[in-house]
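Residue numbers (my numbering): 1 to 177.
Every residue gets a Cβ at the ideal spot worked out from N, C-alpha and C, and that includes glycine.
For reference, the structure is listed below as structure tokens.
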Amino acid sequence: MTREAASGSIVWLTGLPASGKTTLAERTRAALAGDGRAAVVLDSDALRDVLGAHGYAAGARDDFYRALADLAALLAAQAVIVLVAATAPRRAHRDRARQSGHRFLEVWVRTPRADCEARDVKGLYARARAGEITELPGVGAPFEPPDDAGVIADGGHDATAVDRICRWLRAGGSATG
Numbered sequence: 001m002t003r004e005a006a007s008g009s010i011v012w013l014t015g016l017p018a019s020g021k022t023t024l025a026e027r028t029r030a031a032l033a034g035d036g037r038a039a040v041v042l043d044s045d046a047l048r049d050v051l052g053a054h055g056y057a058a059g060a061r062d063d064f065y066r067a068l069a070d071l072a073a074l075l076a077a078q079a080v081i082v083l084v085a086a087t088a089p090r091r092a093h094r095d096r097a098r099q100s101g102h103r104f105l106e107v108w109v110r111t112p113r114a115d116c117e118a119r120d121v122k123g124l125y126a127r128a129r130a131g132e133i134t135e136l137p138g139v140g141a142p143f144e145p146p147d148d149a150g151v152i153a154d155g156g157h158d159a160t161a162v163d164r165i166c167r168w169l170r171a172g173g174s175a176t177g
């Protein structure tokens, strides 16, 4: 059995902070559970402390996303469907998981910044505008959208995106249409 045949899948949901990545990941997990398929959600906010992430400076951010991609690959190697909800503002962050050798789908949760700011329960955008946060992707730090996302979601409640992700997983990672 080849590594790919024995592996799970990595679905990386990227987008600006507060774009709905976690919401979309949880909705996808629930849809998969309805099909009798288990998946794990790796939410970057929940994993920062677990993975020892300290700060948001470029080096610390790179270290965190490297660890997150490696964790996703470790789980996928055990035939787990991994839904990663993480901004990962640089393409290189997401490419590490893409290059792991497991089936990989990049989902861009394409939410306008104004909408992200309106739903930002942590107040990150307000703190960035006040100068308290200087490295917020999309405000003080760049966000590199995917060059060729397999799925583009319009926010976290995009039922069509959930359906396309589930179809891709059911097809063994071969189609998103």
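Supposed contact pair residue j and residue i - C-beta distance, whole angstroms, cut 8 Å
i      : j      : result
Thr28  : Cys116 : At roughly 20 Å, the Cβ-Cβ gap does not stay under 8 Å, so Thr28 and Cys116 are not in contact.
Arg110 : Ala153 : 7 Å
Beta strand (DSSP E) segment containing residue i, residue limits
i      : result
Ile10  : Ser9 to Thr14
Val162 : It is not in any beta strand (DSSP E) - Val162 instead sits in the alpha helix (DSSP H) that spans Ala159 to Arg170.
Ala43  : The amino acid occupying residue 43 in the given sequence is Asp; Ala does not appear at that position. It spans Ala39 to Asp43 - the beta strand (DSSP E) in which Asp43 sits, taken as one unbroken run.
Buried/exposed call for residue i, threshold 16 Cβ in 10 Å
i      : result
His102 : buried
Leu16  : buried
Arg170 : exposed
Thr22  : buried
Glu193 : Missing from the structure shown is residue 193; the chain here goes from 1 to 177 and no further.
Pro145 : exposed
CB contact below 7 Å: residue i versus chain D
i      : result
Leu136 : The chain inventory of the structure shown lacks chain D, comprising one protein chain alone.
First and last residue of the uninterrupted alpha helix (DSSP H) at residue i
i      : result
Arg129 : Leu124 to Arg129
Arg27  : Lys21 to Gly34
Arg113 : Arg113 to Ala118
With three or more beta-carbon pairs closer than 8 Å as the criterion, would you say the segment 80 to 91 touches the segment 121 to 131?
no
Identify every run of the beta strand (DSSP E) within the segment 62 to 93, keeping only runs that are complete inside it and at least 3 residues long; order them along the chain.
81 to 85
Do the segment 37 to 44 and the segment 139 to 148 make contact, defined as three or more Cβ pairs closer than 8 Å?
no
With three or more beta-carbon pairs closer than 8 Å as the criterion, would you say the segment 143 to 151 touches the segment 62 to 73?
no
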